[in-house]
Amino acid sequence: MSSTKTAPVENSVFQKVISHAKEYGFVFPSSEIYDGLAAVYDYGQNGVELKNNLKMCWWKSMTQLHDNIVGIDAAILMHPKTWVASGHVASFADPMLDNKDSKKRYRADQLLEKHTDELKANGQAEKAQQVLDEMNKLLTDNDLKGLLDLIIAEKIKCPLSGTANWTEIRQFNLMFSTQLGAMAEEASEIYLRPETAQGIFVNYLNVQKTGRMKLPFGIAQIGKAFRNEIVARQFIFRMREFEQMEMQFFIQPGTQKEWYEKWKTTRLKWHKALGLPAEKLQYHDHVKLAHYADAAVDIEFEFPFGFKEMEGIHSRTDFDLTEHEKLSKKKQQYYDNDINKNYVPYVIETSVGADRLFLAHLCNAYTEEQGVDADGNTKERIFLKLHPAVAPIKAAIFPLTKKDGLPEKAMKIFDDLKLDFKVTYEEKDSIGKRYTRQDLLGTPFCITVDHQTLEDDTVTVRYRDTVVQERLPISALRAKIEHETSMKRIFEQL
Ligand code: ATP
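Residue numbers (numbering that gives the first Met the number 0): 0 to 493.
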């Protein structure tokens, strides 16, 4: 649950990434013809390929590389008691207040953190720390009146109206609710799941028994989650409908420290293997722990707006299973043959947002470079330096011209390669324009069929990152693309 705060920072690189995502079919605002729906987005024809590749890479890393991790796909709608047991009904809320003049709504802790950032920037680090300590204490005590007093005492103003004319602070629950059943009198209120984890917890014994799983074992799931985020900005970083990739690892109580460290290391390594640079990744230990955790760390990525959470690793103890046991009155215990004992397992959770991972890869890949065009003029080149294994399109096949049988020859290569890879065929526009277009989509290889191809069955392969061109036999293409774009090379590093 919420800990790392985000600030609405506008910056030009980020703006460029957002425009690029829209212009080249990666991400569109939802229902755009009606002016969009705040903090809801759709993935376009290239975005969905990139996202699916990232998800597949995670899924296989979990379920294929570990014999003791299996997957499930639970429903979004769950029995409402689930969210009572998990603590979401009681405490999944953010403290919000409105400015009466601008009518803008703010998260109290974010206003205070922005203020302390400014204090720090003005050389008042000690004072900033005092305010943060006070804020953390008030948040822990759920003292909303105290929080407001602190905001007033610090003379914090609304950035829009410039006034300190605040409403009182109220807790807003982040869960979306809806009605189950058509008739109002029969209907009961249910929630869209705010995390995928609970679908795993309520199924843990089903999986354990039917799969004859022995502890330690894990259950992985990819699926939608919904949060009525009040302050939803920064593009797909904070959405109201998003996708999580979560894995709950069930372990013997007492071994949590060791497994927590192991998963912390494993997950960071995974992000590096996918090509995110080490210097843009860092751990951020939680000081204030969520109600269910005895240790928690975020893996943060350096987005253009700063280091922010991309993945959370939590040692969730036996909190969830014990609460489900109490509320459902169904035993959630595991019989451990090795020690002849029944117990409720402890859980280590790894939870990464597919959308934040996507955004991290898009931001990291976006590259502007000075290059030289075919006529020798210096020109800016924009390309997406995506890891070839996650790039939406693996190779583009072009006939140099539209005549002399070149399209037919190129189409034959396309028809052959499409059986193994997501490839594309293009014959419109000059070769230079076609290269540029593929660069903008992050396609690692462009394959050009020219007159020489008709004589000796060789083609030019042009590489996205270096723009180097190489002549290769058609018969070598499959192995070349396979080697460069296979997820196997990522998995070998794990
Ligand atoms: P934050 O503090 O940024 O709100 P969180 O700590 O509430 O995030 P978790 O509950 O730990 O997030 O969820 C796990 C992961 O799900 C996060 O690391 C993030 O990648 C993703 N996630 C959470 N909320 C959102 C959201 N509103 N939009 C997109 N991804 C999200």
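Where a beta carbon is used, it is the ideal one built from N, C-alpha and C, also for glycine. Keep in mind the model is a prediction, meaning the values are calculated, not measured.
Task: Where C157 sits in the DSSP three-state scheme - done: It is coil, neither helix nor strand.
Task: Burial state of R211, where buried means 16 or more other Cβ atoms lie within 10 Å - done: With fewer than 16 Cβ atoms within 10 Å of its Cβ, R211 is classed as exposed.
Task: Where V296 falls: helix, strand or coil (DSSP) - done: In the three-state scheme derived from DSSP, where H, G and I count as helix and E and B as strand, V296 is classed as strand.
Open item on the list: Please tell me whether, using a cut-off of 8 Å, the distance from the CB of H313 to the nearest non-hydrogen atom of ligand 1 is below it.
Closed with: Relative to ligand 1, H313 has its C-beta within less than 8 Å of a heavy atom.
- [ ] Ignore the nearest five residues each way along the sequence and tell me which others in K21's own chain have a CB closer than 7 Å to its CB.
- [x] So the qualifying residues of the chain are F27.
Task: Residue span of the beta strand (DSSP E) that contains R211, given as start and end - done: Where R211 is concerned, there is no enclosing beta strand (DSSP E), given that its DSSP letter is neither H nor E.
Task: Beta-carbon gap between K80 and L416 smaller than 9 Å - done: Between K80 and L416, the CB-CB gap reaches or exceeds 9 Å.
- [ ] State yes or no: is the C-beta of K21 nearer than 8 Å to some heavy atom of ligand 1?
- [x] Checking the Cβ of K21 against ligand 1 gives no.
Task: DSSP-derived helix/strand/coil call for N52 - done: It is helical.
Open item on the list: My output table needs one value for D335: the three-state DSSP class, helix, strand or coil.
Closed with: DSSP, reduced to helix, strand and coil, places D335 within a strand of the structure shown.
Open item on the list: Rounding to the nearest angstrom, what Cα-Cα distance links H283 and F248 in this structure?
Closed with: Going by C-alpha positions, H283 is about 21 Å away from F248.
Open item on the list: On a Cα-Cα basis, can you pick out the residue from H114, I168, K156 that is closest to L137?
Closed with: Of H114, I168, K156, the residue nearest in Cα terms is I168.
Open item on the list: Closer than 8 Å to a non-hydrogen atom of ligand 1 - does that hold for the CB of R470?
Closed with: Every heavy atom of ligand 1 is 8 Å or more from the Cβ of R470, so no.
Open item on the list: Just to check my reading of the structure: L537 and W165 have Cβ atoms closer than 8 Å, yes? What is that Cβ distance to the nearest angstrom?
Closed with: Residue 537 cannot be examined here, being either before or after the span of the chain that is shown, 0 to 493.
- [ ] Taking all protein chains shown into account, decide if E491 is buried (16 or more other Cβ within 10 angstroms of its Cβ) or exposed.
- [x] Within a 10 Å sphere around the beta-carbon of E491 sit fewer than 16 other beta-carbons, which makes this residue exposed.
Open item on the list: Runs of 4 residues minimum, wholly inside the region 203–284: which ones carry the alpha helix (DSSP H) assignment?
Closed with: The region 203–284 contains these whole alpha helix (DSSP H) runs: 203–209, 255–272.
Open item on the list: L159 and S101 - do their beta-carbons sit closer together than 9 Å?
Closed with: Closer than 9 Å, so yes.
Task: 8 Å Cβ shell around M309 - same chain, five flanking residues per side excluded - done: Result list for M309: H270, D297, I298, E299, F300, V351, G352, R355, L356, A359, in chain order.
Task: Closer than 9 Å to chain B by CB, G161 - done: Absent from the structure is chain B; it holds one protein chain and no more.
Task: Where the beta strand (DSSP E) containing S350 begins and where it ends - done: 345–352 is the extent of the beta strand (DSSP E) around S350.
Open item on the list: My output table needs one value for L191: the three-state DSSP class, helix, strand or coil.
Closed with: DSSP places L191 in strand when its eight states are reduced to three.
- [ ] Report the three-state DSSP secondary structure of M0 (helix, strand or coil).
- [x] Here M0 scores only 40 on pLDDT, less than 50, and its place in the model should not be relied on; the value that follows carries that caveat. Annotated three-state conformation of M0 is coil, per DSSP.
Open item on the list: To test your reading of the DSSP string, which unbroken alpha helix (DSSP H) runs of 4 or more residues are found completely within the region 86–166?
Closed with: List check, alpha helix (DSSP H) in window: 87–90, 107–120, 124–139, 143–152.
Open item on the list: DSSP three-state label for E481, please.
Closed with: In the three-state reduction of the DSSP assignment, E481 falls in the helix class.
Open item on the list: Under 8 Å: does the beta carbon of R104 sit that close to some heavy atom of ligand 1?
Closed with: It does not: the Cβ of R104 is nowhere closer than 8 Å to a heavy atom of ligand 1.
Task: heavy atom of ligand 1 below 8 Å from Q243 C-beta - done: Yes; taking the cut-off as 8 Å, the Cβ of Q243 has a heavy atom of ligand 1 nearer than that.
- [ ] Measure the C-alpha to C-alpha separation of Q255 and R461 and round it to an integer number of angstroms.
- [x] Our two residues, Q255 and R461, have alpha carbons roughly 49 Å apart in a direct line.
Task: Residue from I68, L147, E367 with nearest C-alpha to N98 - done: Ranking the options by Cα distance to N98, first place goes to L147.
Task: DSSP three-state assignment for V8, whether helix, strand or coil - done: The pLDDT assigned to V8 is 42, lower than 50, so where the model puts this residue is not dependable; a value taken from the coordinates is nonetheless given after this. Here V8 sits in coil by DSSP.
Open item on the list: Are there any heavy atoms of ligand 1 lying less than 8 Å away from the beta-carbon of L356, as far as the coordinates show?
Closed with: Taking 8 Å as the cut-off, one finds at least one heavy atom of ligand 1 near enough to the beta carbon of L356.
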